[in-house]
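Asks: Sharing a structure with you now.
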Amino acid sequence: MPIYNIRGINVDFPYEAYDCQLVYMEKVIESLQNKSNALLESPTGTGKTLCLLCATLAWRRSFGEFSRGRSDKSSIREILSQSVDEDIPQSQSSQFPTIVYTSRTHSQIKQVVKELKRSNYRPKMVVLGSREQLCIHDQVSLLRGKAQTNACRALCKKLTKRFCPHFSGAAEFVKKNPGIGEDPIDIEDLVNIGRSSGSCPYYLSREIHKDVDILFAPYNYLIDRGNRKSLKIDWKKCILIFDEAHNLESLCAEAASFDLPSSLLTACISEAKNCIDLSVARRDTSNDKTYSPDDFAILRALLLKLEKRIAEVPIESKELGFTKDGPYIYQLLSELNITQQTANMLTGIIEKACILLQEGENVTGGGGTHKTNGTVFRLESIGDIFGLIFKDNSTAHAQYYRFHVQEVEASSNDSFKGKTSRTLSWWCFNPGIAMEEFAKLGVRSIILSSGTLSPMDSFAEELKLEFPVRLENPHVISGNQIWAGVAPVGPSGYSFNSSYRNRGSIEYKSELGNAIVNFARIVPDGLLVFFPSYYLLEQCISCWKTMGQQNLSNSTTIWERICKHKLPVVEPRQSSLFPLAIEDYMTKLKEANSGAVFFAVCRGKVSEGLDFADHAGRAVVITGLPFATLTDPKVRLKREYLDHQVHSRKSINKGQGLTGEEWYSQQTLRAINQAIGRVIRHRHDYGAIILCDERFSHSNRQSQISSWIRPHVKCHSKFGDVVYTLTRFFRDIKTYRPPKLESVQNDNQEPARVSQSSPLSLEKINLEKLQTAFNSTSSLDSSSTAEKVKRGGISIHMREILPANRSTLASGKLLRDLKMKCSSVLSSSGKESLAIDGRSKQDYDEKAVDLATPILLKKQKLLITGPTQSTHEQKSNHFSNMVKKEHLQFPENVRDLNPQETEALVGESTVKPDIRMLFRDVKPDIAKHKDAVSETVNKNNIETKGSAFLIEVREKLTDSEYKEFVGSMKALKSNTMKISHALESIARLFCLPDRLPLLHSFKDYVPAKYRSLYEEIMISTTCDAAGF
């Protein structure tokens, strides 16, 4: 494995790192060395998770070796003997920094552990999970929430017949096996260890985590105060990593907020009544006085008063509701005699109530057996609400909140159906509350990483933390692997604008539908179409199913025409149906030759975290800007809150801050960036990004798109330009053949790498003739950095893949004829016309002229002539220059090729005997010609010729293409690219009709030993450019 020295730290990386990966790891180490926070954005497919792990662990190992074979002597029982709010003493053996690596879900954590296994680092580690994931007790494992927690604690504390056998064996097992966690393990591994040993996986993880180098956990283990305080970590030596952090701000705000609908409050009142009845029944039947009916009666009475008080809140406007500043909630609760002191008492009563309800739920009429159906009791949520309001025995945090009561229509399955229902909300509009607590704990560094953090200024402003280290990384793909464009108008010229006043029109829906018909026809395999909302998605599909083509009788509907090209799948609103939709999409992709189209919604499940790599997602269409509804109370109050904060900051000269409008716009673009990220998932992937809204043409919108996409975005004034360039993109990309891969990674992880073995084992190419001019030519872009990535190449043995829109260009016979003609001209000695299948070369010339003209976009009339053509005619005809015999030669060892290679080179097996005879006859002439050419080279003019050639290259290529050419040349010189890959990359740039002289001229700078390879590439590239 290669080792890179980055800022004095030796980083052991499992692959040859790309430039962007080295930059990423440098930023990680800079943050750790400077004890500062970092915002790191790197597109999906750039291997950011592996980079993050390797860089962080390399920095950690610079302090000393990882913890191996040690186990803290403190007992698991210490965890049970302390309340949730008590700090656990720190491990005495922990003298080095601890890394806490978090992600959103356990499934994502599982992928991170897989990446750790790919690395060469083996720190002591463990994954923390909840009892829901780790409990193996037959009955407790079926429970959920606090009921499960309470049942577990009860079984572990009471030394009775019901004492949990798994808990009792956990401490002893860890003591005897101190090496657990020295090899990467995930949740499933812990469960398997627990089942095989009989030890509780939950308490195993809690014991192991006290002495680890790196700890993996979901976000809530850090954001939730109760979970965080249960961790035995020295926070001042701690490194916090939040991977996939693009939703972190919203998660922090939601974790600090609550909604209390009338239906929930009514259910809590009912449960309090049940507790009264259960406690009375126990007292009467068994004289059990553990639970006091009076306590539950007090709880019920307070809940009834709260319900009545909410109903009395004056609401003058149903749309605006009733809104007050955050501290108003204390005034309302004090009227019910709910204060800091009484709230603590009520929380204790609620905990007892949940235990009693669980016991009553479990015990059947027989009184002996247990029925563990996992019921979640609503009273638990009331306890959480009180804990949130009276956090830290303080009211200071209330200034970041808004108190709101609104009337809502009860759902069809609600007991309030047909009645007015109210919801009391206490919304936190400062997500930085959770993050500021880490600053108070003295955490060394906080690193936030994701593929879509832009725009970063607003992200940092929301979290109220300083992020001195920031990075917006480019992608590892090259420019020819992405098409990104704005389509402001549709096929008939009607503007695309999904704003509220425009999106309801029939014209807009029809225009959008016809555009998608075109995209479904052009884009191969999978197509993703994202709408701003479920409502607009459903409205458009309903319209398309009834609307046909205008001015045509008996026409098919727009929906039928979409289905003709691709089988459709629609994202469901119900999350329970989502797995079936994904399965349906993948099935249709496999079954349909033309692919499938997935209609989805920005901010929906399809747009978040799913991997549509390769054929699953060749293009993504964004049909509009997914602005949140302005009339939504939470959105409206968030905007007002931010504007108020800006006004307050200005009054005390503390800077501008983030306005409500800026936040509103940036949240929209971040959702778009997330949806766009579903395609182009690894180094060798490719795809198109189509923005169908005229507002994307504005610079302020484009500036908020992810930085790796921005340089590729082009605005097209006409829809025809979109169709033309998109068609050409997918046609040209067909010639892109990635080399054999060592492995293909999934689930947004490390990009696939080039295998060390290659079918063409070649020595380093010597391009000193051109490099001399290259280094001295002033027209070169000196700012371009040498590419350290290995580019994929075209396989010279795989040519015959036709674009989807090639069906009407030419017959297969003409294609064979012209391809055969190219081969015959290049092989001829120039002294006679060759007859193949009874026809002369001139016969092929006549047919080739008719075929080549429409294929090459009719820019000029192409005349394919023999080698006896005059010098003037040769210079005036690019195609004949390319096929002229004295400038192209077949490999000298062509007679030694096996039949399969000869067929791949020539194109048709039916002419193999003639071709073999042709090659046998031409070999002496080739050697003679090569000697003659070498003798006529004027060494004194090499630099002048090279400079002139490079100037012409600069004039013919676009900026992005020229940068790719410069990178390929420098990579060749620095020995970071294979010969075949480099020549193919350069040949692709010169394959257009007006660049064919460059294709021919570049051969003069290729050493004789590699010219045969380059000539094969020239034949292939030219035939592919002509559509063969």
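Sequential numbering of the sequence shown, starting at 1, is according to my numbering. Here a beta-carbon is modelled for each residue, glycine too, at the ideal position from N, C-alpha and C.
1. For the beta strand (DSSP E) that Ala38 lies in, which residues bound it at each end?
2. Can you tell which of Ala151, Ala245, Lys110, Gly169 has the C-alpha that lies nearest to the C-alpha of Glu41?
3. Assuming Val443 and Ala38 make a contact with CB atoms under 8 angstroms, what is their CB distance in whole Å?
4. Measuring only the C-alpha atoms, how far is Gly47 from Lys117?
5. Along the beta strand (DSSP E) that carries Glu407, what are the first and last residues, could you check?
6. Provide the residue span of the beta strand (DSSP E) that contains Gly720, from first to last.
7. Please determine, among Arg731, Val489, Asn430, the residue with the shortest C-alpha to C-alpha distance to Trp663.
8. If you reduce the DSSP assignment to three classes, tell me which class Gln669 lands in.
9. Which residues in the same chain have their Cβ closer than 6 angstroms to the Cβ of Arg916, if we skip the five residues on either side of it in sequence?
10. Opposite Gly485 in the DSSP bridges: which residues?
11. In the DSSP output, which residue or residues are listed as bridge partners for Met125?
12. Less than 8 angstroms between the C-beta atoms of Asn473 and Cys20, yes or no?
13. What do you reckon, are the CB atoms on Thr105 and Pro218 nearer than 8 angstroms?
14. Can you give the beta carbon distance from Ala170 to Cys135, rounded, assuming they're within the 8 angstroms contact cut?
15. Could you check whether Leu471 and Lys35 sit closer than 8 angstroms to each other, using their CB atoms as the reference points?
16. According to DSSP, is Val606 helix, strand or coil?
17. In chain order, what residues of the same chain lie with their CB nearer than 6 angstroms to the CB of Phe627, ignoring the 5 residues before and after it?
18. Within 10 angstroms of its Cβ, does Tyr500 collect 16 or more other Cβ (buried), or is it exposed?
19. Give me the Cα-Cα distance between Arg573 and Arg603, rounded to the nearest whole angstrom.
20. Determine, using beta carbons only, whether Leu983 and Leu1013 come nearer to each other than 8 angstroms.
21. Which whole-angstrom value is the C-beta distance of Lys956 and Arg1011, which I expect to be below 8 angstroms?
22. Assign Trp235 to one of three DSSP states: helix, strand, or coil.
23. Do Val126 and Ile208 have their CB atoms nearer than 8 angstroms?
24. Which value, in whole angstroms, describes the spacing of the CA atoms of His712 and Phe729?
25. Roughly how many angstroms lie between the CA atoms of Asn746 and His684, to the nearest whole one?
26. Which partner residues does Lys324 have in the DSSP bridge list?
27. For Tyr202, which option in Lys176, Gly226, Phe167, Tyr221 has the closest C-alpha, if you only look at C-alpha atoms?
28. Quick one: residues in its chain with C-beta nearer than 7 angstroms to the C-beta of Ile310, no 5 flanking neighbours on either side, listed in chain order?
29. For His698, count the other beta carbons within 10 Å of its own beta carbon; 16 or more makes it buried, fewer makes it exposed. Which is it?
30. On the three-pair Cβ rule with 8 angstroms, is the segment 433-441 touching the segment 273-290?
31. Closer than 7 angstroms by C-beta to Lys634: which residues in its own chain qualify, once you throw out the five before and the five after it? Chain order, please.
32. For Leu448, name the three-state secondary structure that DSSP assigns.
33. Given a cut-off of 8 angstroms on the beta-carbon distance, is the pair Val597 and Pro568 in contact?
34. Given Ile233, which residues of its chain have a CB within under 6 angstroms of its CB, disregarding the five upstream and five downstream residues?
35. Count the other CB atoms, across all protein chains shown, that sit within 10 Å of the CB of Ile689; report buried if there are 16 or more and exposed otherwise.
36. From His682 to Gly595, what distance separates their C-alpha atoms?
Replies: So, from the listed chains and residues:
1. 38-41
2. Ala245
3. Wrong, their Cβ atoms sit about 13 angstroms apart, outside the cutoff.
4. 14 angstroms
5. 401-409
6. Run containing Gly720: none in the beta strand (DSSP E); it sits in the alpha helix (DSSP H), 719-733.
7. Asn430
8. Before going further, note that residue 669 is Leu rather than Gln in the sequence given. Leu669 falls in the helix class under three-state DSSP.
9. Any reading at Arg916 needs caution, since the residue's pLDDT is 34, under 50, leaving its predicted position unreliable; the model's value is listed next. Nothing meets the Cβ criterion.
10. Ile690, Lys714
11. Ile214
12. yes
13. yes
14. The Cβ separation is near 12 angstroms, so there is no contact.
15. no
16. coil
17. Thr668
18. exposed
19. 12 angstroms
20. yes
21. Going by Cβ atoms, the distance from Lys956 to Arg1011 rounds to 22 angstroms, so no, they are not a contact pair.
22. helix
23. yes
24. 13 angstroms
25. With a pLDDT of 38 at Asn746, under the threshold of 50, the modelled position of this residue cannot be trusted, and the question is left open.
26. Phe403
27. Phe167
28. Val405, Arg422, Leu424
29. exposed
30. no
31. Trp427
32. strand
33. yes
34. Thr98
35. buried
36. 20 angstroms
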